[in-house]
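In what follows, a structure is listed as structure tokens, so that the remarks can point back to it.
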Amino acid sequence: MSVHSAAGPAGVRWIAQPPHENLRRGRPLLPPEDPFYQAPSGYHHAEPGTVLRSRDVELALFGLIPQRLRATQLLYRTTDMDGKPEATVTTVLLPSGRNLQKPCPLLSYQCAIDAVAARCFPSYALRRGALAIGALAQLELVLIATALAQGWAVSVPDHEGLSGRWGAPCEPGYRILDGIRASLACRRLGLSASNPVGLWGYSGGGLATAWAAEMSAEYAPELNVVGAVLGSPVGDPGNAFVRLNGSWASGLPTLMVSSLVEIYPELGRVLHQHLTDKGSAALTAVRRMTTASGVLQLAKTDMADFVGRPLDQILDLPEVQYVFNDIRLGRSIPAPPVLMVQAVHDPIIAVGDIDALAEIYTAGGAAVTYHRDMLSGHALLHPTSAPMALRWLTDRFAGRPLTGHVVKTTWPTLLNPTTYWDMARLAVIAAKVVAGRSIGRSRLVSLTRGDLLRPVMRGSRTKPRVDSRAGSSISQNALSLCADEAPNIVEDTTR
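Shown next as structure tokens:
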């Protein structure tokens with residue numbers, strides 16, 4: 006079924022007035038138990054992105070420290086990977102002191118949910134009173150607050166849907182784009198359909214963001230998506246499974262497998278034929294775990310111990326190979342410009358997978374800026390690359406032209422003096438979040454071109470080094486995009 010036909014007959018629209026709930030204090034219910042998440046009868050006739058109901062909510066750091074932020078949750082109609090209608094939720098935050106006479110950029114920030122359990126969904130984990138120890142979304146509240154401090158509205162969607170379908174292709178992009186549609190269409194938020202839109206996510210959130218960037222031109226061409234930041238976006242989940250199985254992070258692929266067996270019935274049938282009792286119990290138990298809990302409890306777990314047949318033989322089965330191919334990024338070429346950020350020595354996501362994705366995007370004509378960081382690891386690169394991401398998005402929102410395609414390996418963020426200036430500002434915002442104080446406007450410093458280029462001018466004509474030990478697959482054609490340009494082609498906002 007086409008994703009465009011799922012809304013029903015042409016011209017059919019949701020005509021009911023979406024109900025709104027004012028703020029109710031008290032411990033929130035988990036999504037499966039909360040009536041707010043239940044779509045109203047007939048919602049499938051609504052167009053994708055239609056608001057079905059809304060409510061005001063309180064947010065809190067780790068569920069305990071209340072935040073002085075205006076937050077509204079929207080239940081909206083969206084689409085799954087088979088084109089069938091479904092509903093999910095986004096949490097929308099508005100900046101303080103917003104000038105209603107000027108367009109307000111909207112950033113869709115995708116948290117790294119990386120689990121099936123509903124307590125990891127941002128719409129629950131970010132709320133005051135939430136019991137979500139180990140949900141990564143709670144750690145990302147600081148970066149969400151930093152985007153608000155830029156003067157942007159922020160949409161934080163439950164991009165796995167209400168069933169926690171982690172790893173499914175395409176549909177995270179549909180949910181993100183429909184969450185943007187819903188945010189722009191909700192009158193009480195005061196946003197406009199013409200507002201510029203940006204996308205940002207890291208790791209599992211980067212994977213979801215990449216699907217939104219790839220799907221945007223076909224699924225939501227009317228949206229003014231001006232840029233997408235793909236932080237370590239899990240370019241090939243199948244490779245990640247093989248890489249992480251048996252490692253300290255083996256809980257991550259186990260969490261994803263527990264989701265994929267529900268998304269792909271044939272995979273579930275084949276896998277359950279070979280699972281031992283221990284394996285079946287483990288896949289059932291992990292569906293209730295938060296991300297951190299799954300990683301800690303399943304560290305060093307080898308999936309070979311869960312099956313009664315050699316794991317290599319199972320991975321070579323057609324049903325398994327079909328899923329690994331289906332969930333790989335690169336199905337479409339992003340229409341908006343993208344900033345890709347990846348640590349060369351990342352123990353979680355192989356840099357070679359992201360190199361290959363960058364090459365696919367570049368060969369397809371996408372406007373790609375790729376920062377290959379030689380020093381940071383997986384967890385460290387997210388906060389240290391945040392100033393780069395925010396400044397790049399600021400330029401896209403301002404309509405500044407891209408200076409060209411850039412592939413960079415040198416000058417890690419940790420060796421850039423401007424990183425520490427901006428990290429100090431991030432620390433101030435983090436302190437306000439921890440203290441529960443209001444988040445005012447605190448834009449990142451805007452440096453001149455000379456200030457930004459001076460540390461790297463000497464190497465700007467030099468072809469970036471590629472670490473062969475990291476498995477890079479960047480083609481010479483892609484590398485020449487950086488090497489053959491004049492010094493001022495270096496993308497200012499990534500420095």
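Start counting the sequence shown at 6; every next residue gets the next number (the numbering used here). Quick reminder that beta carbons are idealized off the backbone N, C-alpha and C, glycines included.
ASP282, buried or exposed, once every other Cβ within 10 Å from all chains shown has been counted against 16: Residue mapping note: residue 282 aligns to position 277 of the sequence shown, counting from 1. Counting every other CB atom within 10 Å of its CB across the protein chains shown gives ASP282 a total below 16, marking it as exposed.
THR289, buried or exposed, once every other Cβ within 10 Å from all chains shown has been counted against 16: Counting from one through the sequence shown, the residue named residue 289 turns up at place 284. Its Cβ having fewer than 16 others within 10 Å, THR289 is exposed.
Cβ separation of ASN250 and ASP307, assumed to be a contact under 8 angstroms, to the nearest whole Å: Here residue 250 is taken as the residue at index 245 of the sequence shown, counted from 1. Here residue 307 is taken as the residue at index 302 of the sequence shown, counted from 1. Indeed, because the Cβ distance is near 6 angstroms, the residues count as touching under 8 angstroms.
Alpha-carbon to alpha-carbon, ILE118 and GLY382: Against the sequence shown, residue 382 aligns to sequence position 377. Against the sequence shown, residue 118 aligns to sequence position 113. So the two alpha carbons sit approximately 19 angstroms from each other.
Extent of the continuous beta strand (DSSP E) run through TRP205: Your numbering for residue 205 matches position 200 in the sequence shown. Start and end: 202-207.
Under the three-state DSSP convention, the category SER285 falls into: Your numbering for residue 285 matches position 280 in the sequence shown. Of the three classes helix, strand and coil, the one that applies to SER285 here is helix, per DSSP.
Per-residue burial, PRO37 [other beta carbons within 10 Å of its own, 16 or more giving buried]: Along the sequence shown, one-based indexing puts residue 37 at 32. Residue environment analysis places PRO37 among the exposed positions, since fewer than 16 neighbouring C-beta atoms fall within 10 angstroms of its C-beta.
First through last residue of the alpha helix (DSSP H) which encompasses VAL275: What you label residue 275 is simply residue 270 of the sequence shown in a count that begins at 1. For VAL275, the enclosing alpha helix (DSSP H) starts and ends at 270-279.
Span separating the alpha-carbon of TYR114 from that of LEU57: Here residue 114 corresponds to residue number 109 of the sequence shown, with the count starting at 1. Here residue 57 corresponds to residue number 52 of the sequence shown, with the count starting at 1. If you take the alpha carbons of TYR114 and LEU57, they lie about 21 angstroms apart.
Segment limits, alpha helix (DSSP H) that includes HIS50: Within the sequence shown, numbered from 1, the residue matching residue 50 stands at position 45. In this chain, HIS50 is not harboured by any alpha helix (DSSP H), its DSSP state being neither H nor E.
Straight-line gap, PRO24 to SER59 (C-alpha atoms, nearest Å): As a position in the sequence shown, residue 24 is number 19, starting the count at 1. As a position in the sequence shown, residue 59 is number 54, starting the count at 1. Rounded to the nearest whole angstrom, the CA to CA distance from PRO24 to SER59 is 6 angstroms.
Boundaries of the beta strand (DSSP E) in which SER59 is found, first to last residue: Stepping through the sequence shown from its first residue, residue 59 is reached at position 54. Counting along the chain, SER59 sits inside the beta strand (DSSP E) bounded by residues 56-62.
Beta bridge counterpart(s) of GLN115 as assigned by DSSP: Translated into the one-based positions of the sequence shown, residue 115 becomes position 110. Residue pairing for GLN115: DSSP places it in a beta bridge opposite GLY206.
Cβ-based burial, GLU26 [other Cβ within 10 Å; buried from 16]: Here residue 26 refers to the residue found at position 21 of the sequence shown. Around the beta carbon of GLU26, fewer than 16 other beta carbons lie within 10 angstroms, which makes this residue exposed.
C-alpha distance - PRO40 paired with LEU167, whole-angstrom precision: For the purposes of this step, residue 40 is identified with residue 35 of the sequence shown, where counting begins at 1. For the purposes of this step, residue 167 is identified with residue 162 of the sequence shown, where counting begins at 1. If I take the Cα positions, the gap works out to 12 angstroms.
Exposed unless 16 or more other CB atoms sit within 10 angstroms - verdict on LEU457: For this step, residue 457 is matched to residue 452 along the sequence shown. A caution first: LEU457 carries a pLDDT of 35, below 50, which makes its placement in the model unreliable, though a value can still be read off. When all chains shown are included, LEU457 counts as buried.
One or two residues paired with GLU26 in a DSSP bridge: Position 21 of the sequence shown, counted from the first residue, corresponds to residue 26. ARG60.
Residues near SER263 by beta carbon distance below 7 angstroms, same chain, minus five either side: Position 258 of the sequence shown, counted from the start, is the residue given in the question as residue 263. VAL121, LEU288, VAL291 and ARG292, listed in sequence order.
Inter-stretch contact at 8 angstroms, needing at least 3 Cβ pairs: the stretch 83-96 / the stretch 43-51: Using a C-beta cut-off of 8 angstroms, the stretch 83-96 makes contact with the stretch 43-51, since at least three inter-stretch Cβ pairs fall below that distance.
Residues that TYR81 bridges to, as DSSP identifies them: Locating residue 81 in the sequence shown gives position 76, counting from the first residue. For TYR81, which the question treats as bridged, DSSP gives the partners VAL56 and THR93.
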